[in-house]
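Beneath this line is the structure, given in structure tokens, with notes to follow.
In the numbering used here, the protein residues as written are 5 to 217.
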């Protein structure tokens, strides 16, 4: 069975200045080395006048990891950037950090901190999504139980994927496979059998981690 894994939610661009050096970070979701390298080349062309365009990427397939310091002292840029995604267990990701030198040397430690921050800022801006198998379920609840149903969904590690409002509220929820049966039992118990969630299908897709408790 395929395990869950994490990917960037969306492309991002961030920037900060450290001792007059500008650090511009980009993150993308990628599916192949060719796609990752295309992003790297795009940034090199866009920021052709920058001193450095350092990069890294991680791919789920084959466990591929690559990085480049692009002229910075060895070990001060690409590897620290890659470490950010390793710590967060984010895969299928490409990151490029562009540096416009401001005339003040940062030293090895300063460079590591700056490139780490830039990669982390770009990842935070992109967001992280979890890719996993979800059980799709639907339940119809009175408005008085809407908030409780939402709380129980989140407590089960799931999320509300949609809602229709009529005489009652019909919720469409996504639940982790291993929590679906317990969730159904819990809702049925709470409503004394008045509401019984119905499983409508399964899907393997990415969902923003921020929406999951």
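From the three backbone atoms N, C-alpha and C, an ideal C-beta is built for every residue, glycine too.
As the structure is a prediction and not an experimental result, all values here were calculated from the model.
| Item | Value |
| --- | --- |
| Taking the alpha helix (DSSP H) that residue 35 belongs to, which residues open and close that run? | No alpha helix (DSSP H) contains residue 35, which DSSP labels as neither H nor E. |
| Taking residue 173 as the reference, which of 43, 155, 150 has the closest Cα? | 150 |
| Identify whether residue 84 lies in helix, strand or coil by the three-state DSSP scheme. | helix |
| Do you know how far the Cα of residue 179 is from the Cα of residue 80? | 42 Å |
| Measure from the alpha carbon of residue 207 to the alpha carbon of each residue in 201, 140, 200, 61, then state which is nearest. | 140 |
| Does the stretch 39-56 come close enough to the stretch 100-108 that 3 or more CB-CB pairs lie under 8 Å? | yes |
| Which whole-angstrom value describes the C-beta separation of residue 96 and residue 33, a residue pair presumed to lie in contact below a C-beta threshold of 8 Å? | 6 Å |
| Is the Cβ-Cβ distance between residue 40 and residue 131 less than 8 Å? | no |
| At 3 residues or longer, and completely inside the stretch 112-189: list those beta strand (DSSP E) runs for me, N to C. | 132-145, 163-169, 173-180 |
| Could you say which of 136, 191, 120 lies nearest to residue 154 if we only look at CA atoms? | 191 |
| Would you kindly work out how many angstroms separate the C-alpha atoms of residue 29 and residue 193, rounded to a whole number? | 50 Å |
| Does any C-beta atom of chain C lie closer than 8 Å to the C-beta of residue 179? | Reference to chain C is not applicable here, since this structure consists of a single protein chain. |
| At which residues does the beta strand (DSSP E) containing residue 74 begin and terminate? | That residue, residue 74, is in no beta strand (DSSP E); it is neither H nor E in DSSP. |
| Taking the alpha carbon of residue 198 as the reference point, which residue from 175, 146, 157, 75 has its own alpha carbon closest? | 146 |
| State the start and end residues of the unbroken beta strand (DSSP E) segment that holds residue 57. | 56-62 |
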